[in-house]
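Okay, structure first, notes after.
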Amino acid sequence: MGDATGLWTTAPPDLNQALLDGKTTLPAPRRDAVSRRDLIERARESGCRIVAVTAPAGYGKSTMLAEWTTLEDRPLAWASIDRLDDDPAALLSLLATATADLGADGDRVIAEMRGVGTSMLGRSAPMLAHSWSGAAEPFVLFIDDLHLAASTDCRDALEIVLSGVPEGSQVVIGSRRGHDFLARLRAEGRVFDVTEEHLRIDATGARTIFAAADVDAAEEDVASAVERCEGWPTGIFLCALAAADGADLDIVGDDRLVADYLYRECLAGLEPGLQQFLRETAILDQLSGPLCDAVRDAGDSHEMLRMLDDLNLFLVPLDRRRRWFRYHALFREFLLAELEHRDPPAVARGHLRAADWFEGQGAPQRALEHLLTAGDRTRSPLLVGELALPTYQRGEVAVVARWLADLGDATVEAFPPLVVIAAWVSILLGISPASERWAATLERLDVHDPPTVERGGIDSDRSMIRAAMCVDGPERALADAQYAVQHEPEWSPWRPQALHLLGSAIRLVGGAEEDAAAAFREAIRCAPLVGDPDSVVLSEAELAILAIGRGDWATADRHAAASRRAIDDNHLEGYGTTALGLAVSARIAIRNGERDAAPRLLARAMRTRVGTTHVLPFFAMRTRLQLALCYAELSDNAAALQLLGEIDDLLRLRPRVGTLVDEIEAFRAQVTGNPGRVSSVPLTPAELRVLPYLQTHLTIAEIGERLFLSRSTVSSQTTSIYRKLGARTRSQAVARAMERGLLGE
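Below is the structure:
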């Protein structure tokens, strides 16, 4: 294999990039594997855009995909899925990275594979599909171990992405389980299925396996192995290893307990140090010499990996330089069972050591996964507290939610900073009643025991959440915002938020506009210093509205443009907090007669308003008021009145929003009784939540399950979508939504 000592003893300079490279690098095919060339050629010649290779572990799915890469003349891409990809933002980011050189505008698409809720389905997934459809030439993308991304959100997003595979291209999926999202494509004849039956090994293939194990077995023994294992490739390989050790092949059968026995026989044939190495490192999804050294508290892991690589014992290289590996899935499952049986505390101990190593290498998210797996309830809450906001800002909201769920409510409630995180995530996503529940939990926390600094911090957190939710009226919101600004130091990541809330509260109580503007400007100044683009987006939008109120449209344009730059530069599209900036930008574009930009901005703002609810009442109402003003400028007072109706629904839940009520009523008087020209009937927020699912195969009832709605509710909303878009079918509705900017870019 050559001397690789230098590769084992030092970690890559950029660990996260090295791990990503390992997931997107074409694998080296095994020279001793049974060839699937005939099957591959049939799949290639089928013309099907999707090839689904579905079988239990041990049937050679990954080996077949690796062999396929050697037979292709089309451009290739590879994506290996692991458990961290079971989130639509992570999954789409991986696929976009893998295909960046194949699709249209690949680098930009990678940066946009994030978002929240249905925005992943409504924007990110269609954008990646569009990129693939615009590829310069046919390509092949291999997606291995897709069963590890099993969440419904991932399946829905992937179905939409696969719709963009162009003629002549193919996506080859390796998975232990079938995927219901392929049902529609299969019915259309666009899926070539490779199943367990296709992957069974016959006597010819078995002889190849025995020869690779240096076993000169009699024909009847080979035939017996095929029969007893029912063509299961890994079982036959185990038979060959057992025969090499002189074991009786009569012990081999298709029962998985027998397979476990053979695994033990394989392990028993190794020297004790290698056995221990295998067991101790089985906790790892991916292995390298330095990482294994850390987990084992040893210094010889590079030699161990080299020996295992030479033995060809269930070790799969992840890069061509053989720095990173993984174990064959079945072998790893067996090794973990062995470790748990022999030394249960070693499992948690290994995960904790792996966490230390990843954290030291600048990969805290992977460290956290090991801590959570180890059941740690001391360090993991601290790390979640550090990672939650940046992870939220990357669009991986489902990851944050999973972290909080893994910790459990009891742990979250025992760690006040996590209660703050849980409350803010719910508030920023507009989720009720979770927002109210976590806000109430924060109010109940007893913080008399912690140090004075921590008590002050929690009191400030409480104040900001009260100010944002504005349950007790604008005067209380102002007092709370003032308290937060006084107690959040310059270096606090929450200070920009407190300043934005202060400016908003000053406006609600009818205070001096210059005081509000000063708070917004200060929020904009300090937000970049602590990595808070949301506060820039919000505060620039508020300054634009104030400038419009003074009749200074040029200044308003500059502030609106700054708000949009913050959205685009930080890839915040889809977050509810961007809606106000987009709405006021649309209003300015309409006034300036920007015929191309205005409709796009208005569509972006209208679909983003879905995430603005009564949880952030003044923000949700002000956003809709700006949108209503847009439609009034277009003489579409009917649409403006619909938005006023949405504001009325919000007012019923949060009536105490100060002077904003006066602004709303003044506008209502302007448009009531004057419907104007009806150019469009906007989709409601409820309809916009349903719309992205019309791109999938899901039935009305299944869409209802996704959104926790009744079948009749989804049915009536779908009918309304068709009517408003002038469509008769799903495909027409999706196409017209794309044309209007309600889906995709």
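Going by this note's numbering, the sequence shown opens with residue 6, and the numbers climb by one from there. Every residue, glycine too, gets a C-beta built ideally from N, C-alpha and C.
Using the beta-carbon count (16 or more within 10 Å), is residue i buried or exposed?
i, result
"residue 346", "exposed"
"residue 22", "exposed"
"residue 821", "Residue 821 lies beyond the residue range present for the chain, which begins at 6 and ends at 750; the question has no answer from this structure."
"residue 575", "buried"
"residue 710", "exposed"
"residue 136", "buried"
"residue 218", "buried"
"residue 491", "exposed"
"residue 717", "exposed"
"residue 744", "exposed"
"residue 495", "exposed"
"residue 713", "exposed"
"residue 598", "exposed"
"residue 582", "buried"
"residue 24", "buried"
"residue 388", "buried"
"residue 131", "buried"
"residue 771", "For residue 771 there is no data in the structure shown, the boundaries of the chain being 6 and 750."
"residue 179", "buried"
Could you check how far apart the C-beta atoms of residue i and residue j are, in whole angstroms? I think they sit under 8 Å.
i, j, result
"residue 204", "residue 64", "4 Å"
"residue 546", "residue 510", "Incorrect: roughly 16 Å between the Cβ atoms, too far for contact."
"residue 172", "residue 80", "15 Å between Cβ atoms; not a contact."
"residue 364", "residue 372", "4 Å"
"residue 86", "residue 148", "7 Å"
"residue 392", "residue 421", "In fact, because the Cβ distance is near 17 Å, the residues do not count as touching under 8 Å."
"residue 176", "residue 55", "6 Å"
"residue 618", "residue 625", "6 Å"
"residue 189", "residue 702", "4 Å"
"residue 662", "residue 513", "6 Å"
Helix, strand or coil for residue i? Go by DSSP, reduced to three states.
i, result
"residue 332", "strand"
"residue 411", "helix"
"residue 366", "coil"
"residue 59", "strand"
"residue 183", "coil"
"residue 432", "helix"
"residue 350", "helix"
"residue 292", "strand"
"residue 31", "coil"
"residue 404", "helix"
"residue 322", "strand"
"residue 21", "helix"
"residue 177", "strand"
"residue 458", "Here the model assigns residue 458 a pLDDT of 38, short of 50, so the residue's position is not dependable and the matter cannot be decided."
"residue 242", "helix"
"residue 257", "Because residue 257 carries a pLDDT of 44, less than 50, the predicted location of this residue cannot be relied on, and the following value inherits that uncertainty. It is coil, neither helix nor strand."
"residue 624", "helix"
Could you tell me the distance, in whole angstroms, from the CA atom of residue i to the CA atom of residue j?
i, j, result
"residue 656", "residue 476", "11 Å"
"residue 277", "residue 284", "11 Å"
"residue 445", "residue 329", "47 Å"
"residue 507", "residue 493", "12 Å"
"residue 294", "residue 396", "29 Å"
"residue 230", "residue 216", "14 Å"
"residue 543", "residue 356", "41 Å"
"residue 600", "residue 591", "11 Å"
"residue 412", "residue 424", "12 Å"
"residue 115", "residue 233", "48 Å"
"residue 595", "residue 567", "18 Å"
"residue 635", "residue 383", "51 Å"
"residue 666", "residue 563", "27 Å"
"residue 502", "residue 436", "19 Å"
"residue 31", "residue 39", "19 Å"
"residue 734", "residue 211", "52 Å"
"residue 747", "residue 167", "20 Å"
"residue 201", "residue 195", "20 Å"
"residue 46", "residue 307", "39 Å"
"residue 7", "residue 315", "Caution is warranted here: a pLDDT of 35 is assigned to residue 7, below 50, making its placement in the model unreliable, and the coordinate value is therefore given only provisionally. If you take the alpha carbons of residue 7 and residue 315, they lie about 11 Å apart."
"residue 505", "residue 73", "55 Å"
Give a yes or no on whether the minimum CB-CB distance between residue i and chain D is below 8 Å.
i, result
"residue 448", "The displayed structure is made up of one protein chain only, and chain D is not part of it."
Could you check if residue i belongs to the surroundings of the ligand MG, using beta carbon to heavy atom distance under 7 Å?
i, result
"residue 566", "Among the components modelled here there is no ligand, and therefore nothing to report on the ligand MG."
Runs of beta strand (DSSP E) lying entirely within the stretch 72–115, each at least 3 residues, in chain order: The stretch 72–115 contains these whole beta strand (DSSP E) runs: 81–85.
Unbroken alpha helix (DSSP H) runs of length 4 or more, entirely within the stretch 662–748: which are they? Taking only runs of at least 4 residues, the alpha helix (DSSP H) segments lying wholly in the stretch 662–748 are 664–676, 690–695, 705–712, 716–730, 735–744.
At which residue ranges does the stretch 592–618 contain complete alpha helix (DSSP H) runs of 4 or more residues, listed in the order of the chain? You should have 602–613.
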